[in-house]
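Numbering (my numbering), first residue to last: -16 to 133.
Ideal placement from N, C-alpha and C gives every residue a C-beta, glycine not left out.
Below is one structure, written out as structure tokens; comments come after it.
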């Protein structure tokens, strides 16, 4: 119910924190929610495959967590390391490589997932000014060249 003030303005009912929190997901288009969910599922499937079939920890840095660490709980070094491996190794269900735009879309979906989980504290693997993700970004860019020559 609106409350009229002396100056003629009226305002809606005060919103609680819970009501605000429940309203936030509706601001995200359903297609974006679908893409974010798909990106996380693709990454989790790759993590499972990598954990059962391949290397599970870094051969270069002790700060890199194991591949089965939840994506949103990875530190920056781990995320950069495993995303670099991911973009080189992930393939579609038919065994074909993802086109570069699809790879970028998956990483963007993972970034949006991090934003949902961690808010302003989320790491951003696509941030060109973050030197910690430079190697990953170069690997992502190199996949475009691989796509063009294959």
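In terms of residues, what are the limits of the alpha helix (DSSP H) holding residue 44?
Within the chain shown, numbered from 1, the residue matching residue 44 stands at position 61. According to the DSSP assignment, residue 44 belongs to no alpha helix (DSSP H), since it is labelled neither H nor E.
Give me whichever residues DSSP pairs with residue 23 in a beta bridge.
Looking up residue 23 in the chain shown gives position 40. BP columns for residue 23 are empty, so no partner.
Determine the extent of the alpha helix (DSSP H) in which residue 38 is found, giving its start and end residues.
For the purposes of this step, residue 38 is taken as the residue at position 55 of the chain shown. No alpha helix (DSSP H) contains residue 38, which DSSP labels as neither H nor E.
Quick one: measure Cβ to Cβ for residue 110 and residue 119, integer angstroms, because I've assumed they're closer than 8 Å.
Residue 110 sits at position 127 when you count from the first residue of the chain shown. Residue 119 sits at position 136 when you count from the first residue of the chain shown. Wrong, their Cβ atoms sit about 11 Å apart, outside the cutoff.
Quick check: what's the CA-CA separation for residue 53 versus residue 76?
As a first step, residue 53 is located in the chain shown; it is residue number 70 there, counting from the start. As a first step, residue 76 is located in the chain shown; it is residue number 93 there, counting from the start. Whole-angstrom Cα-Cα distance: 22 Å.
Among the candidates 1, 11 and -4, whose CA atom is the shortest distance from the CA of residue 98?
Counted from its first residue, the chain shown places residue 98 at position 115. Comparing Cα-Cα distances from residue 98 to each of 1, 11 and -4, the minimum goes to 11.
Given a cut-off of 8 Å on the beta-carbon distance, is the pair residue 45 and residue 34 in contact?
Position 62 of the chain shown holds residue 45. Position 51 of the chain shown holds residue 34. Taking 8 Å as the Cβ cut-off, residue 45 and residue 34 do not qualify as a contacting pair.
If distances are taken between C-alpha atoms only, which option among 60, 8, -2 and 3 comes closest to residue 108?
As a working mapping, residue 108 is identified with position 125 in the chain shown. Selected option, being the one with the closest Cα: 60.
Can you check whether the CB of residue 19 is closer than 8 Å to the CB of residue 81?
On the chain shown, position 98 is the one that residue 81 refers to. On the chain shown, position 36 is the one that residue 19 refers to. Not closer than 8 Å, so no.
Does the distance from the CB of residue 29 to the CB of residue 56 come in under 8 Å?
Here residue 29 refers to the residue found at position 46 of the chain shown. Here residue 56 refers to the residue found at position 73 of the chain shown. Pairing residue 29 with residue 56 gives a Cβ-Cβ distance that is not under 8 Å.
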